[in-house]
Every structure is written in structure tokens, then in C-alpha cells.
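Worksheet: one structure, shown below.
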Amino acid sequence: MAIMKELLQGAEEVAVKLHRKPHGYDQSELKSLDEIAPSISCGSVLLCSGTAAESRLIEAVDGTDFSHAAMIVRFHDDPRLYLWTADTVDKLEDQIEKESNPDHPGTHLLVLKDYLANLDVYYPSPDGSKYRFAVARLGGIDVDEKRLWSVMYEYDGTPFPPTKQEFQHWMEGQLDIDSGMLNSFCAQMVANTYQKMGWLKSIHPPNRYNPGSFAKTREINGDMTGGACLDHPQYFKL
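The numbering of the sequence shown is our numbering, which starts it at -15 and goes up by one.
Spelled out as C-alpha cells, the structure:
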């Protein structure tokens, strides 16, 4: 186990040194969340480029700019955008009144803008860099809000796995071994929700998917079903 820990730490150090922001990325030219919010459909995927060493390793393995994936939720009678996310944040209130501790980590439904505004505070960068955000819009389907709420209520409170177990479960997924949903990393919960909603085929277990899977839209759209498809990610700022 100590060898595995050392290997992961070594890989993270290499990933940090090799990381570069995307070619042509200029935050000053990006549209704000408020500007693009009306065009974001329920079920769209939020993609984040984290700043920690673990995040850089995930991005390197993915071959993308992203280390976190979560699902944006909007309801027909509520102007706010929410985020269905599996992570370690424990300072924001879950909007699903199920767990006794509303600030619990793991899987929860949070207010999107509050989440994005606090990421650099909760996960300060060792090198001064800041989080980058993008959205891959979901299209081709009409969201059954009642069904979605039922799925979220069922999985709300699912624990986030320790890093070593997260990596193990992802590796199992590459072999199409289902690790189950007793705990869940971020992309696993997005994939699980998509499958439960009938948007993603169940030909692979949810733990096969990583954040970059939802950025490589040409590839993942081949796994989508029911008319669902994801558009190419668009970067934005707060």
C-alpha cells in the first residue's frame, strides 16, 4: 500500500510540472455565468479544472483540462441553477433535505454560483493558479423533473471515496468491473445519474467514466441514448 501511495505522489508531482493552461485560453474574453445561464439546460455537465496535485494528475490521465465533473440542475419554476455533485465540500448547504447534516460532503445538490465562488477558497492552489470552468450543454431530451428528483434523493449523501479507493474504482471501471455505488467519485455519479435517467447506455459501469469523458463529447455521445447528446464544452467565468 505504501508503494501505491508513493507511486501516486510521484505521478502527481510530474503532472503538476507538465501542466499548462489550454492554448488560447483568455479569461478576459470569456462570457460570465450570468450571461450564459439562460442557455444552460438541465442535465448539462459542469467541468472544472482544479489546481491541486491530485487534480493535475486526473487531467493528465484524462488528456483534458478537467479534473471534476458535475451535473447542472434547473427546475421549471426556479430561476436558480443548482449543481448535483460528488465531492469533499463540507461548508455548503445541501438543497435536498435528507441528511441530518445539511453541510455534509459526498453527493449533494448545491447552489451552483455559491459552489463556483468558493472553490478557490476551499481548495487553495499551491502555485497561485485559479479554477477554470466550462459547461457541456445537454440537448435532445425533455427532462423528467420528477424522475430526476427521485434519482437525486436516492443517491444524496453517497460518500466520496478516499483517493486511493477512488483510483482503484476507476481502474476497475476500465476493465468494466462495476464497483457499485456505496461511495462515488464525481464523474461516476454523473454517469450513474445519466444512466438512471435513460440518457446514457449501461454498456459500461458508472465508474468507467472520468471527468474528461464528458469533455470528449464526440466519444461520449456514442454512448448516449434516447436522443441525448452533449455539446462541446464552453469555458465561462463568474
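Glycine included, each C-beta is placed from N, C-alpha and C at the ideal position.
For residue i versus residue j, is the C-beta distance shorter than 8 angstroms?
i	j	result
Trp154	Phe144	no
Cys26	Arg58	yes
Pro195	Asn176	no
Asp215	Leu184	no
Is residue i buried or exposed, if buried means 16 or more other CB atoms sit within 10 Å of its CB?
i	result
Thr72	exposed
Ala(-1)	For Ala(-1), the predicted model reports a pLDDT of 49, less than 50, meaning its position is unreliable; a value from the coordinates is still stated below. That one is buried.
Asp61	exposed
Asn205	exposed
Leu166	exposed
Ile187	exposed
Pro146	exposed
Ser134	exposed
Gly47	exposed
Val105	exposed
Pro217	buried
Asp10	exposed
Glu13	exposed
Ser109	exposed
Gln172	buried
Once DSSP output is grouped into helix, strand and coil, what is the label at residue i?
i	result
Cys170	helix
Tyr219	strand
Arg116	strand
Glu13	helix
His88	coil
Gly123	strand
Ile187	coil
Leu93	strand
Leu103	helix
Asp165	Asp is not the amino acid found at residue 165; the sequence shown has Met there. DSSP places Met165 in coil when its eight states are reduced to three.
Leu76	coil
Along the beta strand (DSSP E) that carries residue i, what are the first and last residues, could you check?
i	result
Asp71	Asp62 to Asp71
Ile20	Unbroken run through Ile20 is the alpha helix (DSSP H), Leu17 to Ile20; no beta strand (DSSP E).
His153	It is not in any beta strand (DSSP E) - His153 instead sits in the alpha helix (DSSP H) that spans Thr147 to Gln158.
Ser33	Val29 to Ser33
For the alpha helix (DSSP H) that residue i lies in, which residues bound it at each end?
i	result
Ala53	Premise fails: Ala53 lies in the beta strand (DSSP E), His52 to Phe59, not in any alpha helix (DSSP H).
Ser134	Glu129 to Tyr139
Thr201	Thr201 to Ile204
Stretch pair the stretch 127 to 141 + the stretch 178 to 191: three plus CB contacts closer than 8 angstroms: With the cut-off at 8 angstroms, the stretch 127 to 141 and the stretch 178 to 191 touch.
Contact between the stretch 82 to 99 and the stretch 185 to 202 (3+ Cβ pairs under 8 angstroms): no
Touch test, the stretch 51 to 66 against the stretch 147 to 163, Cβ-Cβ under 8 angstroms, three pairs minimum: no
The stretch 207 to 221 touching the stretch 119 to 126, judged by at least three CB pairs closer than 8 angstroms: Taking a contact to require three or more Cβ pairs closer than 8 angstroms, the stretch 207 to 221 and the stretch 119 to 126 qualify as touching.
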